[in-house]
Amino acid sequence: MMWIDTIVQGILLGGLYALFAAGLSLVFGIMRLVNLAHGDLIVLAAFLILVMVSALGLNPFVAALVAMPLMFAIGWALQFYLLNRTFGTDILPPLLVTFGLSIVIQNGLLEGFTADSRRIPVGGLDSASVALGPINVGVMPLLTLASAVAVIIGLNQLFYRTSLGRAFRAISDDPVTAGLMGIRPKNIFATATGIAMVVVTIAALYLGTRANFDPTIGPARLIYAFEAVIIGGLGSLWGTLFGGIVIGVAQTFGAAVNPEWQILAGHLAFLLVLLLKPRGLFPRAVD
Amino acid sequence: MTDASLTPWKVETRAKASATFAIVAALIILLAFAAPLFVSRSVLQDLFFILTMLVLAQNWNLLAGYAGLVSVGQQAFVGFGAYAMFALVILAGLDPLAAILLAGIASSLLAVPTAFFLFRLQGAYFAIGSWVIAEVVRLALAQLKMLGGGTGTSLPREATRDMPALKLVGELFGVKSSGAGDILTYWLALLLAIATIGLVYRLLRSKQGLGLAAVRDNQEAARSVGVDARRMKTLVYLAAAFGTGLCGALIYVQKARISPDAAFSVVDWTAYVIFIVVIGGIGTIEGPIVGVIVFYILQNLLADYGSWYLLILGLIGIAIMLFAPRGLWGLFAERTGIQLFPVRRRLTGGTVTPSKKGGPHG
Numbered sequence: 070m071m072w073i074d075t076i077v078q079g080i081l082l083g084g085l086y087a088l089f090a091a092g093l094s095l096v097f098g099i100m101r102l103v104n105l106a107h108g109d110l111i112v113l114a115a116f117l118i119l120v121m122v123s124a125l126g127l128n129p130f131v132a133a134l135v136a137m138p139l140m141f142a143i144g145w146a147l148q149f150y151l152l153n154r155t156f157g158t159d160i161l162p163p164l165l166v167t168f169g170l171s172i173v174i175q176n177g178l179l180e181g182f183t184a185d186s187r188r189i190p191v192g193g194l195d196s197a198s199v200a201l202g203p204i205n206v207g208v209m210p211l212l213t214l215a216s217a218v219a220v221i222i223g224l225n226q227l228f229y230r231t232s233l234g235r236a237f238r239a240i241s242d243d244p245v246t247a248g249l250m251g252i253r254p255k256n257i258f259a260t261a262t263g264i265a266m267v268v269v270t271i272a273a274l275y276l277g278t279r280a281n282f283d284p285t286i287g288p289a290r291l292i293y294a295f296e297a298v299i300i301g302g303l304g305s306l307w308g309t310l311f312g313g314i315v316i317g318v319a320q321t322f323g324a325a326v327n328p329e330w331q332i333l334a335g336h337l338a339f340l341l342v343l344l345l346k347p348r349g350l351f352p353r354a355v356d
Numbered sequence: 060m061t062d063a064s065l066t067p068w069k070v071e072t073r074a075k076a077s078a079t080f081a082i083v084a085a086l087i088i089l090l091a092f093a094a095p096l097f098v099s100r101s102v103l104q105d106l107f108f109i110l111t112m113l114v115l116a117q118n119w120n121l122l123a124g125y126a127g128l129v130s131v132g133q134q135a136f137v138g139f140g141a142y143a144m145f146a147l148v149i150l151a152g153l154d155p156l157a158a159i160l161l162a163g164i165a166s167s168l169l170a171v172p173t174a175f176f177l178f179r180l181q182g183a184y185f186a187i188g189s190w191v192i193a194e195v196v197r198l199a200l201a202q203l204k205m206l207g208g209g210t211g212t213s214l215p216r217e218a219t220r221d222m223p224a225l226k227l228v229g230e231l232f233g234v235k236s237s238g239a240g241d242i243l244t245y246w247l248a249l250l251l252a253i254a255t256i257g258l259v260y261r262l263l264r265s266k267q268g269l270g271l272a273a274v275r276d277n278q279e280a281a282r283s284v285g286v287d288a289r290r291m292k293t294l295v296y297l298a299a300a301f302g303t304g305l306c307g308a309l310i311y312v313q314k315a316r317i318s319p320d321a322a323f324s325v326v327d328w329t330a331y332v333i334f335i336v337v338i339g340g341i342g343t344i345e346g347p348i349v350g351v352i353v354f355y356i357l358q359n360l361l362a363d364y365g366s367w368y369l370l371i372l373g374l375i376g377i378a379i380m381l382f383a384p385r386g387l388w389g390l391f392a393e394r395t396g397i398q399l400f401p402v403r404r405r406l407t408g409g410t411v412t413p414s415k416k417g418g419p420h421g
């Protein structure tokens, strides 16, 4: 019985990691850019929601809705004015600029909010649970997983049902030819990063309401997100969800054996997949 | 065909100012070795910090600037080297100096399995993959209760005090063991920095270095003319692990106290190092030297501003990467043509006959 509980908790935790990873996977897929500041942007969004909740007294979910267009604008501007300049044949500039950005965001948040642990209050919702057959599951974890599934369905719809999605796929396949067909890569890239930041805001809502956070936890979130993307295989959003669940289950099993092994177990699961299936479990894109 | 075009061509690397610089460098090195005679302990400690950061920067530059392997996980080797040194001193009772060397070897041994995993990832994925590896090593070492677990441990005082080399230095300068320790670690850092720069310079001027540059500039083209890209990259990765581990062990002989969070700090051992190399100029030997000096000055200027310091360093790093990707040294070398460590091969001699329009072959 305890094992079933552990697996269920792991799957629910995987939902959170899939939310971290979905934005990364989107940006990865379209422009082959690894944004090393992704985790710090999640933390930035969490602070944005926190400010709105504590200063304006908004409900966290409403605050997240308000934060979404703001984060979209931040992502759009970041891509259009900064990251687009780094693209070229050399992989160094995008990596080093986003690494610098990660350090800048972290220390900016430290300066503005100190290193104290914070939490976004959600009333009694964070302790509420529902009985699912023989086991109890928290309402917030359940909402997290449901949101992750909804985000992935939404992104897939966007990718395969809209003209913007067609542009995304065209640029991902062949940026030069896509440009000849009248697609402006710079604008499309900026829009893609903006959408990724909307997903980041949703991830931040659950990051901030489920556990404590502080300005320094970004890089670890980036690592979990990255592991989920690689385990799932590049270019597959459902794969990313599965990758998140693999990390989540591995972590809860590790924690069940010894609390100190939680994080390590997740990393080892990632290394194991890398060893056995270097292209991930559901690879779609080449590269 | 004129006679002039028959003068033999020569491949040369010597550049403007490089010969003069060799003499100046020799003088600086002599002066640096004599430094303990005329500077205070706190200056020696600052110099130790500068030299060890320079060694880490040269190693990272070799990886990222020459082999195209952008690692953000070099703290894995700093921490592992430091822990290996602690294990050898505390558990095996070795002399810390011997332990430093063995720790370097241990680090390059660790690099064998990590290379196996990491080389499955390309480019940007390699970068985060290296970070994951560093996290795994940190979390695994934090489990070792005999080395202090998550809270860390200290070097036993008698181990550092009773080093034969330390007694020798102490008698030579007539100072107590703590002062002698500073002199000894400073000299070792100086030796390590000179050896690192010397070895990197030699590597880049050799046939292997030429292959490495070719792989960095165009891997497919390099492979088509017979350069074994994977082998070159693996060798550089192992060498950088050795140098970084050695330097990590040396840093922690001086610190004498270790904890997993400090020894595997991504800010201290990778972020600073990346900023040093980027600001100074990536892909040059001079770059990290310039970068470490700028870094040290900035650190002293902004020491009182806490996290503003890192924030400003990050902004400078971003600005340099965007507007002057070859760094400060790159800007300087472009304007003046001065190279202190020339590695670029140039054709000299011969005479270029200006082609006459309408002649054979246009």
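Chains as they are written, first to last, in this note's numbering: chain A, 70 to 356; chain B, 60 to 421. C-beta: ideal position from N, C-alpha, C; glycine also.
Would you call B:T343 buried or exposed, if buried means 16 or more other Cβ atoms sit within 10 Å of its Cβ? Walking along the second sequence from the start, residue 343 of chain B turns up at place 284. Burial check for B:T343: the Cβ neighbour count within 10 Å reaches 16 or more, so the residue is buried.
On the criterion of 16 or more Cβ atoms from any shown chain inside 10 Å, does A:Q78 qualify as buried, or is it exposed? Position 9 of the first sequence, counted from the first residue, corresponds to residue 78 of chain A. Burial call: buried.
Suppose the cutoff is 8 angstroms on Cβ atoms and the five residues either side in sequence are ignored; what does the same chain contact list for A:F351 look like? Stepping through the first sequence from its first residue, residue 351 of chain A is reached at position 282. These residues qualify, in order along the chain: G301, G302, S305, W307, G308 and F311.
Under 6 angstroms Cβ to Cβ from B:G376, same chain only, skipping five residues before and after it: list those, please. The count along the second sequence starts at 1 and reaches residue 376 of chain B at position 317. For B:G376, where only same-chain residues beyond five positions count, the Cβ hits under 6 angstroms are F334 and V337.
B:V131 CB to nearest chain A CB: under 8 angstroms? For the purposes of this step, residue 131 of chain B is taken as residue 72 along the second sequence, with counting starting at 1. Yes - at least one Cβ of chain A is within 8 angstroms of the one on B:V131.
What did DSSP end up calling B:L387 once you bin it into helix, strand or coil? Along the second sequence, read from residue 1 onward, the residue named residue 387 of chain B stands at position 328. Three-state result, B:L387: helix.
8 angstroms Cβ cut-off: residues of chain A touching B:I187: The residue labelled residue 187 of chain B in the question sits at position 128 within the second sequence. Neighbours of B:I187 in chain A, taken as residues at a C-beta separation under 8 angstroms, are given in chain order as V103, L105, L291, I292 and F295.
Taking C-alpha atoms, which residue in A:N256, A:A273 and A:T321 lies nearest to A:Y150? On the first sequence, residue 150 of chain A is found 81 positions in, with the first residue counted as 1. Considering only alpha carbons, the answer is A:N256.
Could you please give the first and the last residue of the uninterrupted beta strand (DSSP E) stretch that includes A:W330? Taking the first residue of the first sequence as 1, we reach residue 330 of chain A at position 261. Segment: none, A:W330 is in no beta strand (DSSP E) and carries neither H nor E.
Among A:D195, A:G202, A:S216 and A:A217, which has the Cα closest to the Cα of A:V208? Within the first sequence, residue 208 of chain A is the residue found at index 139, counting from 1. The residue among A:D195, A:G202, A:S216 and A:A217 with its C-alpha nearest the C-alpha of A:V208 is A:D195.
To the nearest whole angstrom, what separates the beta carbons of A:L178 and A:P284, a pair I think is in contact under 8 angstroms? Stepping through the first sequence from its first residue, residue 178 of chain A is reached at position 109. Stepping through the first sequence from its first residue, residue 284 of chain A is reached at position 215. Taking C-beta atoms under 8 angstroms as the contact rule, A:L178 and A:P284 qualify, at a distance of about 4 angstroms.
In angstroms, rounded to a whole number, what distance separates the CA positions of A:S171 and A:R290? On the first sequence, residue 171 of chain A is found 102 positions in, with the first residue counted as 1. On the first sequence, residue 290 of chain A is found 221 positions in, with the first residue counted as 1. Taking the Cα positions, A:S171 is about 12 angstroms away from A:R290.
Which whole-angstrom value is the C-beta distance of B:R275 and B:G182, which I expect to be below 8 angstroms? Here residue 275 of chain B refers to the residue found at position 216 of the second sequence. Here residue 182 of chain B refers to the residue found at position 123 of the second sequence. Actually they do not touch by this definition, with Cβ atoms about 12 angstroms apart.
Can you check DSSP and say which residues form a bridge with B:L406? Reading the second sequence from its first residue, position 347 is the one you call residue 406 of chain B. Beta-bridge pairing links B:L406 to B:V70.
Please list the terminal residues of the continuous beta strand (DSSP E) segment that includes A:A200. Looking up residue 200 of chain A in the first sequence gives position 131. That run of the beta strand (DSSP E) goes S198 to L201.
Just how far apart, CA to CA, sit B:Q202 and A:A142? Mapped onto the second sequence, residue 202 of chain B falls at position 143. Mapped onto the first sequence, residue 142 of chain A falls at position 73. Looking at the two C-alpha atoms, the distance is approximately 44 angstroms.
Applying the 10 Å Cβ sphere with the 16-neighbour rule, what's the burial state of B:S237? Taking the second sequence and counting its residues from 1, one reaches residue 237 of chain B at position 178. It is exposed - the Cβ of B:S237 has fewer than 16 other Cβ atoms within 10 Å.
Beta-bridge pairing of A:V268 - partner residues as DSSP gives them: For the purposes of this step, residue 268 of chain A is taken as the residue at position 199 of the first sequence. Note: A:V268 is not bridge-paired with any residue in the DSSP secondary-structure output.
Can you list, in chain order, the residues of its chain with a C-beta nearer than 7 angstroms to that of B:S213? Leave out the 5 residues immediately preceding and following it. In the second sequence, the residue the question calls residue 213 of chain B occupies position 154. Cβ neighbours of B:S213 beyond the five flanking positions: A315 and R316.
Return no unless some Cβ of chain A is closer than 8 angstroms to the Cβ of B:Q398. In the second sequence, residue 398 of chain B corresponds to position 339, counting from 1. So, not an interface residue.
Buried/exposed call for B:E194, threshold 16 Cβ in 10 Å: Indexing the second sequence from 1 puts residue 194 of chain B at position 135. When all chains shown are included, B:E194 counts as buried.
First through last residue of the beta strand (DSSP E) which encompasses A:I204: Stepping through the first sequence from its first residue, residue 204 of chain A is reached at position 135. Going by DSSP, A:I204 is part of the beta strand (DSSP E) stretching over I204 to G207.
CB-CB under 7 angstroms to B:R220, same chain, minus the five flanking residues each way: which ones, in chain order? By 1-based counting over the second sequence, the position of residue 220 of chain B is 161. These residues qualify, in order along the chain: S236.
Residues of chain A with a CB under 7 angstroms from the CB of B:L263: which are they? Numbered from 1 along the second sequence, position 204 holds the residue referred to as residue 263 of chain B. Correct list: empty, because the minimum Cβ distance to chain A is about 18 angstroms.
Mind listing the chain B neighbours of A:F130? Cutoff is C-beta to C-beta under 7 angstroms, in chain order. Walking along the first sequence from the start, residue 130 of chain A turns up at place 61. Per Cβ cutoff of 7 angstroms: no residues; A:F130 is ~31 angstroms from chain B at best.
Any idea if A:Q226 is buried or exposed, counting beta-carbon neighbours within 10 angstroms, 16 or more meaning buried? The residue labelled residue 226 of chain A in the question sits at position 157 within the first sequence. Exposed, since its Cβ has fewer than 16 Cβ neighbours within 10 Å.
Just to confirm the assignment: which complete alpha helix (DSSP H) runs, minimum length 4, are found wholly within the region 322-350 of chain B? Within the region 322-350 of chain B, the complete alpha helix (DSSP H) runs of at least 4 residues are 331-339.
Per-residue DSSP class, three states only, for A:V191: Position 122 of the first sequence, counted from the first residue, corresponds to residue 191 of chain A. Strand.
For a test of the three-state rule: what should DSSP assign to B:R275, helix, strand or coil? Residue numbering aside, residue 275 of chain B sits at position 216 when the second sequence is read from its first letter. In the three-state scheme derived from DSSP, where H, G and I count as helix and E and B as strand, B:R275 is classed as helix.
Are the beta-carbon atoms belonging to A:G223 and A:G84 less than 8 angstroms from one another? Against the first sequence, residue 223 of chain A aligns to sequence position 154. Against the first sequence, residue 84 of chain A aligns to sequence position 15. No, they are not a contact pair.
State the start and end residues of the unbroken alpha helix (DSSP H) segment that holds B:A315. Position 256 of the second sequence, counting from 1, holds the residue named residue 315 of chain B. No alpha helix (DSSP H) holds B:A315; DSSP gives it neither H nor E.
Contacting residues, own chain, Cβ-Cβ under 6 angstroms from A:V166 (five flanking each side not counted): The sequence position of residue 166 of chain A within the first sequence is 97, counting from 1. So the qualifying residues of the chain are T155.
Listing by chain order, which chain A residues have their CB less than 7 angstroms from the CB of B:W328? If you number the second sequence from 1, residue 328 of chain B lands on position 269. Those within 7 angstroms of B:W328 in chain A number zero; the least Cβ separation is about 14 angstroms.
Checking 8 angstroms against the spacing of the C-beta atoms, do B:I379 and B:L113 come in under that value? What you label residue 379 of chain B is simply residue 320 of the second sequence in a count that begins at 1. What you label residue 113 of chain B is simply residue 54 of the second sequence in a count that begins at 1. Not in contact: B:I379 and B:L113 (Cβ atoms no closer than 8 angstroms).
I'd like to know if the region 161-171 of chain B and the region 323-334 of chain B are in contact, where contact means that at least 3 CB-CB pairs between them fall below 8 angstroms. When Cβ pairs closer than 8 angstroms are counted between the two stretches, the region 161-171 of chain B is seen not to touch the region 323-334 of chain B, the count staying below three.
Output yes if chain A places a C-beta closer than 8 angstroms to the C-beta of B:G417; else output no. Residue 417 of chain B sits at position 358 when you count from the first residue of the second sequence. Here the model assigns B:G417 a pLDDT of 48, short of 50, so the residue's position is not dependable, and the following value carries that caveat. So no, B:G417 is outside the interface.
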